[in-house]
Amino acid sequence: MVQPGEEAGLKEKIVAIFVWIAPAVTRELITSLPNLRVVGNCAVGYDHVDLAACAERGVRVGYTPNVLNKTTADMAWALLLASGRKVVEGDSISKNPSTSTFDSNWMGQQVSGTTLGIVGMGRIGYEIAKRAVGFEMKVLYHNRHRKSAEEEERVGATYVPTLAGLLGESDYVVLAAPATGDTHHMMSREQFAAMKPTGVFVNISRGTLVDQDALAEALRGGVISAAGLDVTDPEPLPRDHTLLSLPNLTLTPHTGSATLPTRQAMVQMTVDNIKAVLQGQPMVNEVALPSL
Amino acid sequence: MWHTSAILPPIAEKIPPLDGLMTYGHEPVSPEMIATSPNLKAISVVGVGYDHVHVETCRERGIAVGHTPGILSDTTADMTMALLLATARNIVPAYNHVQVSKQWKYYDPNILWGTDVHHATLGIVGMGRIGHAVAKRARAFDMRVLYYKRERRPDWEEELGVEYVTFENLLEVSDFVTLHVPLTEETTHLIGEAELALMKKTAILVNIARGPVVDHYALYDALKQGQIAGAAVDVTEPEPINTDHPLLSLDNVIVAPHLGSATVQTRMKMATMAMENLLAGLKGEQLPYGVLQPNFPR
């Protein structure tokens, strides 16, 4: 541990950074470390790393794809089912001292036999789709590029060329796309309005893909029925944020990959990424930097 | 649709003698209540469990009893998975951290770690229609699925890729144990101190069968002592359970208010089925889904 007063000279010594999804690896941070060679990002998303600044300084960036696909897909389903079947609200009712009877007509949304729409059919989206088979759900997906016929067949997924088309047909919408310039606020007022009023929205990608004011309005106004978020913008949300007071919103503090085996694998991969650069070996899971 | 109430016993005095009775909710249909209606021909349960109806009295009186099996299996299996995943991934502790106590002040990679469902071992106790539906869902998560049932079903083992084991073995090796047995004398307190002691310290118990299948005080002790890691119950004894019951004070217990079949689509189908049963019973005809067929003197 660095004691106060010992910082002098440390900046020159730092050759590698191990970082989770926070704090952001900014241009300011990167340029303040003259001998930095590698950023070991312990996450699959790298939107919090200034890649351009890294490219300019010759700093390489590692990340942790694949090892967290299944655990994150499990979380997407935990949020989907909790939101649709009102697990948190139900638990609160059961534990509330004022509860004396259960209203037999207090109900959630049907899951089995309904339609799941996946926005962003990448590695995690694919794992999410796989699990829908057991629930006999119809699976739709929207993606920048259509997948191959075999890939579609493996999970029984049907491509929908427009986002609006997918939203209109889906009972459950799960967003699993990366945070890029194109995906910023891709779910906004118009998109929530395109969903069914019984629709449930789940986001396990990045908070910046969602216009949160629009989401709050949609949930309050019955434009959609419920939502589950593992990610917000910012993280954490301010304590008085309107989303925190909505009974039909289930929130988890970015714990999508939070199980021991998965976190161990992520940490190991990050350490391996860092070691590879420092030892002049190929980095297996490297982020492609923008060309200068 | 009417509001069920726990404060019901005097209802038998308030209503005239009945020809037919449909139950929605789990208020007991006791021998005393049945005795107030000498012309009662049929009792139609909206639900698959009928432990709240005194079937012996109905048998003696030749009263038909119907229920709604099958139609709610998928929805109840969905709720089973919802509770299993919610417990595994700390959905309620997250709610408390983020929305209730508002402790969420910075990103912390070390909090609220859960347990993987994919590739974990699920033990299904009582694999009937609902258990079968749960197995199907669990396999899509790449879970290893074990089952215990009075009569083995090799055809289901082949179809679903599930393994038959002894009750003890199931408890010993499962990461998740889900209960889907009907409530009978034999299944009362099926899960007690001894059974909980056999389970893994990291295991999670899900009860979506009936409250009395689990000894609630044994469950509380086991959780408090770390003999199992967590539990989710959709059913309790009684229902609702007293909110000052020690089980409710634990942060690794989810209690759902009997939501197993609680979706509009499923309840509508159940109501239709129950109506078909009731009408058949009133006419003295074969019930489509009968526990007891009509056998009353005309």
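Quick mapping for you: the protein sequence lines, in order, are chains H and S.
Oh and the first sequence: position 281 is 281 in the numbering used here, straight run, nothing missing.
If you count the second sequence from 1, you need to add 292 to reach the numbering used here.
Glycine included, every Cβ here is placed at the ideal spot set by N, Cα and C.
Open item on the list: Counting beta carbon pairs with one atom in the stretch 518-535 of chain S and one in the stretch 496-506 of chain S, are three or more of them shorter than 8 angstroms?
Closed with: The stretch 496-506 of chain S makes contact with the stretch 518-535 of chain S; the number of CB pairs closer than 8 angstroms reaches 3 or more.
- [ ] Find the residues of chain H that neighbour Phe433 of chain S, judging by a C-beta separation of less than 9 angstroms, and give them in chain order.
- [x] Contact of Phe433 of chain S with chain H by beta-carbon distance below 9 angstroms involves Lys70, Ala73, Asp74, Trp77, Lys130, Arg131, Gly134.
Open item on the list: So for Tyr126 of chain H, helix, strand or coil by DSSP?
Closed with: Residue state, collapsed to three classes: helix.
Task: CB contact below 9 angstroms: Ile21 of chain H versus chain S - done: Closer than 9 angstroms: yes.
Open item on the list: Can you tell me which residues form a DSSP beta bridge with Ile383 of chain S?
Closed with: When DSSP reads this structure, Ile383 of chain S sits in no beta bridge, so it has no partner.
Task: With 16 other Cβ atoms within 10 Å as the buried cut-off, status of Glu127 of chain H - done: It is buried - the Cβ of Glu127 of chain H has at least 16 other Cβ atoms within 10 Å.
Task: CB contact below 9 angstroms: Thr317 of chain S versus chain H - done: The sequence as given places Gly at residue 317 of chain S; Thr does not occur at that position. By this cut-off, Gly317 of chain S is an interface position.
Task: For Arg60 of chain H: DSSP bridge partner residues - done: Residue pairing for Arg60 of chain H: DSSP places it in a beta bridge opposite H:Val38.
Open item on the list: Is it buried or exposed, Pro549 of chain S, if we count other Cβ atoms within 10 angstroms and call 16 or more buried?
Closed with: Looking at its Cβ environment, which holds 16 or more other Cβ atoms inside 10 Å, Pro549 of chain S is buried.
TODO: Consult DSSP for Arg436 of chain S and reduce its assignment to one of helix, strand or coil.
DONE: Three-state DSSP puts Arg436 of chain S in a strand.
- [ ] Using a Cβ cut-off of 7 angstroms, pull out every chain S residue sitting near Glu235 of chain H, in sequence order please.
- [x] Those within 7 angstroms of Glu235 of chain H in chain S are Tyr399.
- [ ] Just tell me which of H:Val25, H:Ala73, H:Ser83, H:Gly45 has its CA closest to the CA of Ala55 of chain H.
- [x] Per the Cα distances, H:Val25.
Open item on the list: Let's see if you can read the secondary structure: which residues bound the alpha helix (DSSP H) around Ser83 of chain H?
Closed with: Taken as a continuous stretch (DSSP letters only), the alpha helix (DSSP H) holding Ser83 of chain H covers 69-84.
TODO: Can you have a look at Ser245 of chain H and say buried or exposed, based on whether 16 or more other CB atoms are within 10 angstroms of its CB?
DONE: Under this definition Ser245 of chain H is an exposed residue.
Open item on the list: I'd like to know if the stretch 332-346 of chain S and the stretch 309-316 of chain S are in contact, where contact means that at least 3 CB-CB pairs between them fall below 8 angstroms.
Closed with: The stretch 332-346 of chain S vs the stretch 309-316 of chain S: in contact.
- [ ] Would you verify that the beta carbon of His295 of chain S is, or is not, closer than 9 angstroms to some beta carbon of chain H?
- [x] Residue placement at His295 of chain S is poorly supported in this model, since its pLDDT is 31, which falls under 50; the coordinates are not used for a value here.
TODO: Return yes when the Cβ of Tyr63 of chain H is within less than 9 angstroms of the Cβ of Val44 of chain H, no when it is not.
DONE: Less than 9 angstroms divides the Cβ of Val44 of chain H from the Cβ of Tyr63 of chain H.
- [ ] Residues of the stretch 542-564 of chain S with a CB closer than 7 angstroms to any CB of chain H: list them in chain order, please.
- [x] Here the close residues are Ile546, Val547, Ala548, Pro549, His550, Leu551, Ala554, Thr555, Val556, Gln557, Thr558, Arg559.
Open item on the list: Can you determine whether any heavy atom of the ligand SAH sits closer than 8 angstroms to the C-beta of Thr101 of chain H, and answer yes or no?
Closed with: The model depicted lacks the ligand SAH and carries no ligand whatsoever.
TODO: Could you pull out every residue in the same chain whose Cβ sits closer than 6 angstroms to the Cβ of Leu300 of chain S, ignoring the five residues on either side in sequence?
DONE: Residue placement at Leu300 of chain S is poorly supported in this model, since its pLDDT is 47, which falls under 50; the coordinates are not used for a value here.
Task: Whether Thr360 of chain S touches Lys561 of chain S by CB criterion (9 angstroms) - done: Using a Cβ distance threshold of 9 angstroms, Thr360 of chain S and Lys561 of chain S count as a contacting pair.
Open item on the list: Less than 9 angstroms between the beta carbons of Asn203 of chain H and Ala227 of chain H, yes or no?
Closed with: Yes. Within cutoff.
- [ ] With DSSP as the reference, label Ile299 of chain S as helix, strand or coil.
- [x] Because Ile299 of chain S sits at a pLDDT of 38, beneath the cut-off of 50, its placement in the model cannot be relied upon, and the following sentence gives the value as read from the coordinates. Ile299 of chain S: coil per DSSP, three-state reduction.
Task: Coil, strand or helix - Tyr141 of chain H by DSSP - done: Under the three-state reduction of DSSP, Tyr141 of chain H is assigned to strand.
Open item on the list: Check for me: the beta strand (DSSP E) holding Asn203 of chain H runs from which residue to which?
Closed with: Asn203 of chain H -> beta strand (DSSP E) spans 200-203.
TODO: Kindly provide the ranges of any alpha helix (DSSP H) runs that are 4 or more residues long and lie completely inside the stretch 512-578 of chain S, ordered along the chain.
DONE: You should have 556-574.
Open item on the list: Could you check whether the stretch 439-456 of chain S touches the stretch 155-169 of chain H, counting it as contact only if at least three pairs of C-beta atoms, one from each stretch, sit closer than 8 angstroms?
Closed with: Judged by Cβ distances under 8 angstroms, the stretch 439-456 of chain S makes no contact with the stretch 155-169 of chain H, as fewer than three pairs qualify.
Task: Backbone secondary structure at Met325 of chain S - three-state DSSP - done: In this structure, Met325 of chain S counts as helix in the three-state DSSP scheme.
Task: Complete runs of the alpha helix (DSSP H) confined to the stretch 179-257 of chain H [at least 4 residues] - done: The alpha helix (DSSP H) runs lying completely inside the stretch 179-257 of chain H and spanning 4 residues or more are 189-194, 212-220, given in chain order.
TODO: Can you say whether Ser32 of chain H is buried or exposed, counting buried as having 16 or more other CB atoms within 10 angstroms of its CB?
DONE: Classification of Ser32 of chain H: exposed, given that the 10 Å Cβ count is below 16.
- [ ] Taking Trp405 of chain S as the query, report the chain H residues whose CB atoms sit under 8 angstroms from its CB, ordered along the chain.
- [x] Within 8 angstroms of the CB of Trp405 of chain S, the CB atoms of chain H belong to Thr255, Ala258, Thr259, Leu260, Arg263, in sequence order along the chain.
Open item on the list: Could you check whether the Cβ of Thr99 of chain H sits closer than 9 angstroms to any Cβ belonging to chain S?
Closed with: Interface with chain S (9 angstroms Cβ-Cβ cutoff): Thr99 of chain H is included.
Open item on the list: Do Ile546 of chain S and Asp91 of chain H count as a contact pair if the criterion is CB distance below 9 angstroms?
Closed with: With contacts defined as CB atoms closer than 9 angstroms, Asp91 of chain H and Ile546 of chain S qualify as a contacting pair.
- [ ] Assess, as a yes-or-no matter, whether the stretch 130-145 of chain H is touched by the stretch 94-104 of chain H under the definition of 3 or more beta carbon pairs within less than 8 angstroms.
- [x] Cβ pair count under 8 angstroms is below three, so no.
Task: 8 angstroms Cβ shell around Lys11 of chain H - same chain, five flanking residues per side excluded - done: Closer than 8 angstroms at Cβ, skipping near neighbours: Ser32, Leu33, Pro34.
Open item on the list: By the three-class DSSP mapping on this structure, what secondary structure does Gly503 of chain S have?
Closed with: Three-state result, Gly503 of chain S: helix.
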